[in-house]
Every structure is written in C-alpha cells, then in structure tokens.
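Colleague: Just so you know, the sequences run in chain order Y and R. For the record, in the first sequence the residue sitting at position 43 is 284 according to the working numbering, with numbers rising by one throughout. For the record, in the second sequence the residue sitting at position 118 is 198 according to the working numbering, with numbers rising by one throughout.
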Amino acid sequence: MLHDAVVNLGPWSWWILGVVLLCAELAAPGVFLIWIGAAAIVIGVLSLALWDAAFWTWHVQLLLFAVLSGAFALAGRRFYSNRNQATDEPNLNRRGESLVGRTATLHEPIAEGRGRIRLDDTWWSVMGPDLPAGTQVKVVAASGRDLTVEAA
Amino acid sequence: MNLGGLGGFDIVVIGVVLLIILVLFAGIKTVPQGYRYTVERFGRYTRTLEPGLNILTPFIERIGVRMNVMEQVLDIPTQEVITKDNASVSADAVAFYQVLNPAQAAYQISNLQNAIQNLTMTNIRSVMGSMDLDELLSNREVINERLLRVVDEAVGPWGIKVTRVEIKDIQPPADLVESMGRQMKAEREKRAQILEAEGSRSAQILRAEGAKQAAVLEAEGKREAAYREAEARERLAEAEAKATQSVSQAIAAGDVQAINYFVAQKYIEALAAIGKAPNSKIVLMPLEASSVIGSLGGIGAIAKEVFGDGSGPAAPPRPSAGPRPQPGPRTTPVLNPFNPNSSET
Chain Y
242 MLHDAVVNLG PWSWWILGVV LLCAELAAPG VFLIWIGAAA IVIGVLSLAL
292 WDAAFWTWHV QLLLFAVLSG AFALAGRRFY SNRNQATDEP NLNRRGESLV
342 GRTATLHEPI AEGRGRIRLD DTWWSVMGPD LPAGTQVKVV AASGRDLTVE
392 AA
Chain R
81 MNLGGLGGFD IVVIGVVLLI ILVLFAGIKT VPQGYRYTVE RFGRYTRTLE
131 PGLNILTPFI ERIGVRMNVM EQVLDIPTQE VITKDNASVS ADAVAFYQVL
181 NPAQAAYQIS NLQNAIQNLT MTNIRSVMGS MDLDELLSNR EVINERLLRV
231 VDEAVGPWGI KVTRVEIKDI QPPADLVESM GRQMKAEREK RAQILEAEGS
281 RSAQILRAEG AKQAAVLEAE GKREAAYREA EARERLAEAE AKATQSVSQA
331 IAAGDVQAIN YFVAQKYIEA LAAIGKAPNS KIVLMPLEAS SVIGSLGGIG
381 AIAKEVFGDG SGPAAPPRPS AGPRPQPGPR TTPVLNPFNP NSSET
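(1) Closest to R:Gln178 by C-alpha separation, out of R:Lys241, R:Pro131 and R:Pro138, would be which residue?
(2) Mind checking whether Y:Phe306 and Y:Ala265 have CB atoms under 8 Å apart?
(3) At which residue ranges does the stretch 266–349 of chain Y contain complete beta strand (DSSP E) runs of 3 or more residues, listed in the order of the chain?
(4) DSSP three-state call for Y:Asp371: helix, strand or coil?
(5) At the level of alpha carbons, what is the spacing between R:Thr163 and R:Val231?
(6) Could you tell me which residues DSSP puts in a beta bridge with Y:Gly356?
(7) Look up R:Ala277 in the DSSP assignment and give the residues it is bridged to.
(8) Using a Cβ-Cβ cutoff of less than 8 Å, which residues in the same chain neighbour Y:Asp361 once the five nearest sequence positions on both sides are dropped?
(9) Who are the near neighbours of R:Lys109 in its chain, counting only those whose CB is closer than 7 Å to its CB and skipping five residues on each side?
(10) Going by DSSP in three states, R:Lys384 sits in which element: helix, strand or coil?
(11) Alpha carbon to alpha carbon, what distance is there between Y:Ile275 and R:Pro30?
(12) I'd like to know whether the C-beta atoms of R:Val161 and R:Ala173 end up nearer to each other than 8 Å.
(13) Where Y:Val381 and Y:Gly356 are concerned, what is the direct C-alpha to C-alpha distance, given to the nearest angstrom?
(14) Could you tell me if R:Val92 is buried or exposed, where buried requires 16 or more neighbouring beta carbons within 10 angstroms of its beta carbon?
(15) Give the DSSP-derived three-state secondary structure of R:Val119 in the structure shown.
(16) Just the Cα atoms here: how many angstroms apart are R:Ala254 and R:Arg205?
(17) Look at the Cβ atom of R:Gln337, then the Cβ atom of R:Glu304, and state whether they are nearer than 8 Å.
(18) Thinking R:Tyr115 and R:Arg146 are a contact (beta carbons under 8 Å), I'd like their distance in whole angstroms, please.
(19) Just by C-beta distance, which residues in the stretch 207–228 of chain R are closer than 7 Å to chain Y?
(20) Cβ of Y:Ser339 less than 8 Å from any chain R Cβ?
(21) What are the boundary residues of the beta strand (DSSP E) that R:Ser218 is part of?
(22) Say whether chain Y places a C-beta atom closer than 8 Å to the C-beta of R:Phe139.
(23) Write down the C-beta distance between Y:Gly278 and Y:Trp256 rounded to the nearest angstrom, noting that I regard them as a contact closer than 8 Å.
(24) Restricting to Cα atoms, I'd like to know which of R:Glu349, R:Gln184, R:Asp90 and R:Met150 is closest to R:Gly236.
(25) Measuring only between beta-carbons, confirm whether Y:Ser254 sits less than 8 Å from chain R.
(26) Would you say Y:Leu304 reaches chain R, if we count a Cβ-Cβ gap shorter than 8 Å as a contact?
(27) Report the option in Y:Trp299, Y:Thr389, Y:Leu267 and Y:Phe320 whose CA atom is closest to the CA atom of Y:Val248.
(28) Using three-state DSSP, classify R:Val235 as helix, strand or coil.
(29) With a threshold of 8 Å between beta carbons, is Y:Ile277 in contact with chain R?
(30) Kindly indicate which residue of R:Ile156, R:Leu213, R:Gln152 and R:Glu278 has the alpha-carbon position closest to the one of R:Asn198.
(31) What separation, rounded to the nearest whole angstrom, lies between the Cα atoms of Y:Arg343 and Y:Gly385?
(32) So which residues on chain R does Y:Phe273 lean against when the C-beta distance must stay under 8 Å?
(33) Using a C-beta to C-beta distance shorter than 8 Å, which residues of chain Y count as neighbours of R:Thr128?
(34) Could you name the residues of the stretch 286–312 of chain Y whose beta carbon sits closer than 7 Å to any beta carbon of chain R, in the order they occur along the chain?
(35) Would R:Asn191 be called buried (16 or more neighbouring beta carbons within 10 Å of its own) or exposed?
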C-alpha cells in the first residue's frame, strides 16, 4: 500500500515527506527534524531530474537520504556552535562567573584559604590568600560555588 | 515468506536508514537556556552539556540528568517550634536556591528539593529554639541570616547555593497573642496615667507658686504702705510741732489776742459748716451760748485793741507804733496749723 502510494506519487513523495518534517520541526522545535527534512527536500529535487534513470532505485534514494541527514546535522551543529558564542548574556545562569570583577568587603578574614564576603544580598565563601576582615577584595575567578579573590 | 515483495537486501537498506535516523535522534541534543544536561558514558558522568546544540557520541554516551540551574523557590512548610522560654510557636519560611555545579547537584545528592527542605526545617528549629519568644518576634533579620549561613554551608558539597532563607510567618499561640496585646495595652495605660499625674502635679505646683507670689507681693505692698503711712504721720507730727512752735512764737512776739482770733475764726467756721449741712433742716446747737458770747467777747477785745481803744482788759501793751487802720488779720501772721509751709513769711 505504502509502496503503491510512493510509486504513484513519484518524486513528489520526497517533497511531501520533507515539508511534513519541516512543519513538525516548527511545531516542536528540537533542531533535529529540520536536518532530515532538508535531506528529504534535496532527494526530491534530485528525483525530479533522475526519476527515470536506471541507477536511481529506491535503495539509493533511501541511503542517500540517511547520509544527507547526518551530513546536514553535522554541518548544522558547526554552524550553530559558531553562532552560539554571539550571545549578549554570556554569564546567564552562571551566577559565580557573573561576579568576576566585582569588589566586596571581606566580612570574615581569609584564614587557611577560606573567608566570607557579602555580595548581592547573600553570603559567598571565598578562597584566596590570607587577609584580615574588612579588606577590600576583588573576585578574580569563579567556578560553581567557589570564588577566588585577591586584595583589591 | 514474502514481505511485500521485498528481498533481503531491501530490508537491510531500510534497516540501515532507520538506524541512521535513530542515531541522529539520540546523538543530537538541544539544551535550552536555564538547564544543564549531564552526560554519562557507560553510566559514568563525563561532562555537562551547555545550552545550545550538542552532539553525543552515539551508543556510548547518553543524557543522565536534566538539571535546572535557574534560581528556584522552595516553600518550607509550617512547623511547630519550641522557643528557649518554652513558648510553642508555628513558623514557616521560604528558601531560594540555585544550582551552581550541575554535576555535583545531580550526583552528590538524591532528591535535592527534599534535602534542602528538611535541612532548612531542622535548622529553623535549632536557630529559633535557641532564642526567647520576644527575641524571635523582633529579630527576624538575625534569624534569617543565621539560617542562611548554616544552610548555605551545609549545601556546599552539593554544588548548590542557598541565596536566601526568609521566615515568612511566626505565629505564637492564640492565648499568648492575646496576653501580649493586654500587656501592650496595660503599658500604654500606665504611661498615660503617669503623664496625667505628672501634668496635674505640675499644674498644682504652678498654682501654689502663683498664690505664694501673690501673697508675698501683697505683704510687701502692705509693708511699704505702712512705712509710708508712718512716715506721713511723722511728717504730720513734725509739721504740727513746727506749727505750734510758730504760733507760740508769734504769740510770744505779738499779742495773746491772736489766739482768740484763731479760736473765734475756727468756731465761726464750724458753725458755718453745721449750718451748711445739706441733710439737716434742724440745726442743733449743742453750744453754750455763753461760750459763743465769750468768743464774741474775744473778738470784741481784738477789735478794741486793733482800733486803738487802748484800754482793753488784760491786753498787754503792744510794741506796735500807734494806731493803724489795717485790720488785725493783716498784721498778725495768719497761720494754718495744718499747713506748716504757709507760715514762712
């Protein structure tokens, strides 16, 4: 039955598949269906030209479709990962990192590498060289909960 | 068997294509902002996926935990707390936390929210249990800060930061609230009564001071008046003495008839005054006619002497030279005994 439908529609069955996949991608964005949808459209374009060629069997079409899907996904990832750097909020959801460069007063002295500062109305445990309480310190690095400070 | 006219090769081709599609499905992962996905290789944590498009190695890597790294609110349910002075209050709170290290939060602790909730509850109990009820109600800032310190330190190994713990409501038992209200009311009433008493006290003091000052001033006035009166009497006496002296001098120097003149004048004046009295139609003359006559006799003697009869009885010789037409009163110094100043001539 499916076979009959594909035979009857000819090269347009690939186009139909591609458009349906792209629509599904729009409805539920996952940045995945777009690649196989694009691959289906490309196969459709090729099929319009090569449908009657002897080597253009459905096996070739299917395999080419799978390979193209993978290739598009990899290319897209490269494309996207380059684009990813261009955010205007690089420290979003990176609370510690967003504090780098801020200065604060040391509330408890840094002894044995650990002290406390108050920043943005909460307490932060900081690491750094031994300093007395009341010193102005500057956050120079952050990783998760750990802030590294030095005397400002 | 015939699978819809497909040969073995056909089935392999379909299988391969399906496999490729499924591998792509499993390998391509989009992480939304606000989340981090941990990656496990054969069940072991290897790395954390950042937001954006990510590709996993098919078959050997898979997504472990989808961790929310946005700051989250956690309601701490109401619980009974016994304070240091044995009052039983119910308190609830709210805690804010954020995952700062997704891997630790994913694997160091299971059931993160439950853990934070229980940790906060027990710490509320211990912090509030170490305080008196009065302290508890007035020092929320202190409680919040102590709670935050303790809880934040405890969740450190889990890669979480508790940014805030706030006591929402502290509810003492109803009877305690009522007696607290009564206490406050009594205190205000006490203050009002003290203020009232102080007011009336100072009013009375002021009034008494006023009365005292008035009395003092009055007495001073009286004293001054008495002084002046005494002085006046002294002056009067002095004047009288002087007048008497002047009269006696005049008599000594002149005629004894001067006395008679005075007496007669006064007598007549007094008679005139009685006669002029407006409210009496009947004039009583409590006078001996003889004395009136006598005084008239005195007048006559004066007249005789003045008008140069020379034979006046009991009239001492006068050193005046010869008869003069002037009437006696002119030559005799007229003395008003009550006005000593007029005697100066």
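In this text, a Cβ means the ideal position worked out from N, Cα and C, and glycines have one as well. Note that the structure is a prediction, hence the values are computed from the model and not measured.
Modeller: Well, looking at it:
(1) R:Lys241
(2) no
(3) none
(4) coil
(5) 20 Å
(6) Y:Val367
(7) BP columns for R:Ala277 are empty, so no partner.
(8) Leu340
(9) Tyr117, Leu129, Asn134, Leu136 and Ile143
(10) helix
(11) Outside the shown range of chain R (81 to 425) lies residue 30 of chain R, about which nothing can therefore be said.
(12) no
(13) 15 Å
(14) exposed
(15) strand
(16) 20 Å
(17) no
(18) 6 Å
(19) Leu228
(20) no
(21) R:Ser218 -> not in any beta strand (DSSP E); alpha helix (DSSP H) instead, spanning Leu213 to Ser218.
(22) no
(23) In fact, because the Cβ distance is near 11 Å, the residues do not count as touching under 8 Å.
(24) R:Gln184
(25) no
(26) yes
(27) Y:Trp299
(28) coil
(29) yes
(30) R:Ile156
(31) 16 Å
(32) Leu104, Phe105, Ile108 and Thr110
(33) Here the premise fails: no neighbours, minimum Cβ distance about 11 Å.
(34) His300, Leu303, Leu304, Phe306, Ala307, Ser310 and Gly311
(35) exposed
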